[in-house]
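J.: The letter at position 55 of the sequence shown is residue 55 when you use the UniProt record's numbering, and the numbering goes up by one with no holes. What follows is a single structure, and I will ask about it in a moment.
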Amino acid sequence: MVKLEGKLQLYHLPYLTTSQFPQMSTTTNDGNLKNWGLLILLSLIWGSSFILIKRGLEVFSPGEVGAYRIVAAATFLLPLSIPRLKNLDKTQIKNLIIVGLVGSFIPAFLFAKAQTQLSSSLTGVLNALTPLAVVVIGALFFQSKITRRNGIGLAIAFVGVFILVTVKEGSGFGAFTDINAYAFFVILACICYGFNLNIIKYRFQKLKPIEITAISLIMVLPVALLYLMAGTQFSYKVVNIEGALPALGYITLLGVMGTAIALIIFNVMVKTATPVFASSVTYLIPIVAIFWGVLDGEVLLFGHYVGIVAVIIGVWFGNRKKIVQP
1 MVKLEGKLQL YHLPYLTTSQ FPQMSTTTND GNLKNWGLLI LLSLIWGSSF ILIKRGLEVF
61 SPGEVGAYRI VAAATFLLPL SIPRLKNLDK TQIKNLIIVG LVGSFIPAFL FAKAQTQLSS
121 SLTGVLNALT PLAVVVIGAL FFQSKITRRN GIGLAIAFVG VFILVTVKEG SGFGAFTDIN
181 AYAFFVILAC ICYGFNLNII KYRFQKLKPI EITAISLIMV LPVALLYLMA GTQFSYKVVN
241 IEGALPALGY ITLLGVMGTA IALIIFNVMV KTATPVFASS VTYLIPIVAI FWGVLDGEVL
301 LFGHYVGIVA VIIGVWFGNR KKIVQP
């Protein structure tokens, strides 16, 4: 395994690192209308994922939401994944199964479970820890390095997370006994994303990011279908429970837009803009998630805003590039 010099650079979310981006001219204009349009659209899609999960949970269990999300995304991407299966070797298949599990399958269940006791807005903020999770996992298991900047960013973000999971209405910041343990489902999902991105970075050289996502999803599709049909009351609820069809529509939108189409948009954007510009979606997603949460009647206390600011500052500082003067 090759040891990298310098920190592991990553930009966003469940699938991509800058090492996977195509080489681009440094004269690319990040501010052109197309790139800004794609950035805003992607932020809206990914930032809206958490309110869609919330709507799905109004009828379906966390397991049903997570499994059907995978089914919807994998089915939508079948035209991309099926033709490419014949070109895979055994090692690629094994790694793609792992990517499917830690990059999509397990996080889908974890986020749904978290939102049974955690607001969609706070879940969206905690999801911003993904970049720092990639840095830590890379250092622990993939021989990359944590820089001083990474460490400071991690410390700031940790303070923000602690505030978010302990603040209570009417009592300021809570004690350790008041911690909302469901926040750890989100943190665990970010850790899964951290493993996923490092596996993609170190173990895939030939496949494109969109191919990795499409094929990895089809690898876990049978498990999701089996669980959904044999291990839950999903079919019964769809037919017999009032409000099931709208909830099903929300989860379908979550899978198709939030996983499949969003990834395609992201790949288009990184080809026409720089990775640094594309990475700014990480900081816009919590804003969109908070907007939907507040619009839906979720209450954020002053302590929540303090924690949100700390998390975003920590993630930004821990992952920004140091500008070298010529």
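The beta-carbon is built from N, C-alpha and C at its ideal position, and this holds for glycine as well. All figures in this text were calculated on a predicted structure; none of them were measured in a lab.
Looking at the strands, I want to know which residues DSSP matches up with Val239.
T.: Start at 1 with the first residue of the sequence shown, and residue 239 comes out as number 239. DSSP, once it has assigned bridges, lists no residue as partnering Val239.
J.: Terminal residues of the continuous alpha helix (DSSP H) containing Tyr193?
T.: For the purposes of this step, residue 193 is taken as residue 193 along the sequence shown, with counting starting at 1. Where Tyr193 is concerned, the enclosing alpha helix (DSSP H) stretches over 183-203.
J.: Using the three-state DSSP reduction, which class does Val136 fall into: helix, strand or coil?
T.: The residue given as residue 136 occupies position 136 in the sequence shown. Three-state DSSP puts Val136 in a helix.
J.: In three-state DSSP terms, what is Glu211?
T.: Here residue 211 is taken as the residue at index 211 of the sequence shown, counted from 1. Correct three-state label for Glu211: helix.
J.: Is the distance from the Cβ of Phe50 to the Cβ of Ala260 below 8 Å?
T.: For the purposes of this step, residue 50 is identified with residue 50 of the sequence shown, where counting begins at 1. For the purposes of this step, residue 260 is identified with residue 260 of the sequence shown, where counting begins at 1. No, Cβ-Cβ distance for Phe50 and Ala260 is not below 8 Å.
J.: What is the residue span of the alpha helix (DSSP H) that Asn180 lies within?
T.: For the purposes of this step, residue 180 is identified with residue 180 of the sequence shown, where counting begins at 1. Counting along the chain, Asn180 falls outside any alpha helix (DSSP H), and DSSP gives it neither H nor E.
J.: How should Ser216 be labelled, buried or exposed, when 16 other C-beta atoms within 10 angstroms of its C-beta is the threshold for buried?
T.: In the sequence shown, the residue the question calls residue 216 occupies position 216. With 16 or more Cβ atoms within 10 Å of its Cβ, Ser216 is classed as buried.
J.: Between residue 377 and the rest of its own chain, which residues show a CB-CB distance below 6 Å, the 5 nearest in sequence each way excluded?
T.: Because the chain is modelled from 1 through 326, residue 377 falls outside the range shown and cannot be assessed.
J.: May I have the straight-line CA-CA distance separating Phe317 from Val71, to the nearest angstrom?
T.: One-based indexing of the sequence shown puts residue 317 at position 317. One-based indexing of the sequence shown puts residue 71 at position 71. Cα to Cα, Phe317 sits roughly 36 Å from Val71.
J.: Can you name, in chain order, every residue of its own chain whose Cβ lies under 7 Å from the Cβ of Gly100, other than the five neighbours on each side?
T.: By 1-based counting over the sequence shown, the position of residue 100 is 100. The answer, listed in chain order, is Ser216, Leu217, Met219, Val220.
J.: Please report the straight-line C-alpha distance between Gln23 and Leu38, rounded to a whole angstrom.
T.: One-based indexing of the sequence shown puts residue 23 at position 23. One-based indexing of the sequence shown puts residue 38 at position 38. Residue confidence is low: Gln23 scores 40 on pLDDT, short of 50, so the model does not pin down where it sits. Its coordinate-derived value is still stated next. Approximately 19 Å between the Cα atoms of the pair.
J.: So, helix, strand or coil for Ser81, using DSSP?
T.: Residue mapping note: residue 81 aligns to position 81 of the sequence shown, counting from 1. Three-state DSSP puts Ser81 in a helix.
J.: Any Cβ of chain B within less than 8 Å of the Cβ of Gly153?
T.: Here chain B cannot be found, since the structure has a single protein chain.
J.: How far does the alpha helix (DSSP H) with Asn95 in it extend, from its first residue to its last?
T.: Mapped onto the sequence shown, residue 95 falls at position 95. Per DSSP, Asn95 belongs to the alpha helix (DSSP H) from 90-100.
J.: Which whole-angstrom value is the C-beta distance of Gly194 and Val136, which I expect to be below 8 Å?
T.: Translated into positions along the sequence shown, residue 194 becomes position 194. Translated into positions along the sequence shown, residue 136 becomes position 136. Right, the Cβ-Cβ distance comes to about 7 Å (below 8 Å), so this counts as a contact.
J.: In angstroms with no decimal places, state the Cα-to-Cα distance between Lys148 and Phe266.
T.: Counted from its first residue, the sequence shown places residue 148 at position 148. Counted from its first residue, the sequence shown places residue 266 at position 266. Residue identity differs from the one stated: residue 148 is Arg in this sequence, not Lys. So the alpha carbons of these two residues sit roughly 29 Å apart.
J.: Could you say which of Phe76, Asn150, Ser121 lies nearest to Tyr305 if we only look at CA atoms?
T.: If you number the sequence shown from 1, residue 305 lands on position 305. Closest option to Tyr305, Cα to Cα, is Ser121.
J.: Is it the case that the Cβ atoms of Ile315 and Leu132 are separated by a distance below 8 Å?
T.: Taking the sequence shown and counting its residues from 1, one reaches residue 315 at position 315. Taking the sequence shown and counting its residues from 1, one reaches residue 132 at position 132. Correcting the residue identity first, residue 315 is Val in this sequence and not Ile. Taking 8 Å as the Cβ cut-off, Val315 and Leu132 qualify as a contacting pair.
J.: Skipping 5 residues on each side, what residues in its chain have a beta carbon closer than 7 Å to that of Ile199?
T.: As a position in the sequence shown, residue 199 is number 199, starting the count at 1. Annotation for Ile199: Asn95, Ile98, Val99 place their beta carbon closer than 7 Å to its own, counting only its chain and skipping 5 residues before and after.
J.: Note down the Cα distance separating Val165 from Glu58, rounded to an integer number of angstroms.
T.: The residue you call residue 165 lines up with position 165 of the sequence shown. The residue you call residue 58 lines up with position 58 of the sequence shown. One C-alpha to the other measures close to 23 Å.
J.: With 16 as the cutoff for other CB atoms within 10 Å, does Met269 come out buried or exposed?
T.: By one-based count along the sequence shown, residue 269 stands at place 269. With a threshold of 16 other beta carbon atoms within 10 Å, Met269 meets it and is buried.
J.: Pick out whichever of Leu207, Val239, Ala214, Val309 has its Cα sitting closest to the Cα of Gln92.
T.: One-based indexing of the sequence shown puts residue 92 at position 92. Cα-wise, what sits closest to Gln92 is Leu207.
J.: Would you mind reading off the limits of the alpha helix (DSSP H) that contains Leu42?
T.: The residue you call residue 42 lines up with position 42 of the sequence shown. Run containing Leu42: 33-47, per the alpha helix (DSSP H) assignment.
J.: Measuring CA to CA, which of Gly303, Leu295, Phe291, Ala310 is closest to Leu44?
T.: Along the sequence shown, one-based indexing puts residue 44 at 44. Among Gly303, Leu295, Phe291, Ala310, the Cα nearest to that of Leu44 is on Phe291.
J.: State the CB to CB distance for the pair Tyr202 and Ala114, rounded to an integer number of angstroms; the pair is presumed to be in contact (CB under 8 Å).
T.: The count along the sequence shown starts at 1 and reaches residue 202 at position 202. The count along the sequence shown starts at 1 and reaches residue 114 at position 114. Wrong, their Cβ atoms sit about 28 Å apart, outside the cutoff.
J.: Would you mind reading off the limits of the alpha helix (DSSP H) that contains Glu64?
T.: In the sequence shown, counting from the first residue as 1, residue 64 sits at position 64. Run containing Glu64: 62-76, per the alpha helix (DSSP H) assignment.
J.: Could you tell me how far apart the beta carbons of Leu129 and Val311 are, in whole angstroms, since I believe they sit closer than 8 Å?
T.: By one-based count along the sequence shown, residue 129 stands at place 129. By one-based count along the sequence shown, residue 311 stands at place 311. Cβ atoms of Leu129 and Val311 come within 8 Å of each other, at about 7 Å.
J.: Which same chain residues, not among the five before or five after Asn319, have their C-beta less than 6 Å away from its C-beta?
T.: Here the question's residue 319 lines up with position 319 in the sequence shown. Counting only Cβ-Cβ distances below 6 Å, and skipping sequence neighbours, we find Pro131.
J.: In the structure shown, what three-state DSSP assignment does Leu118 receive?
T.: Locating residue 118 in the sequence shown gives position 118, where the first residue counts as 1. Three-state DSSP puts Leu118 in coil, outside helix and strand.
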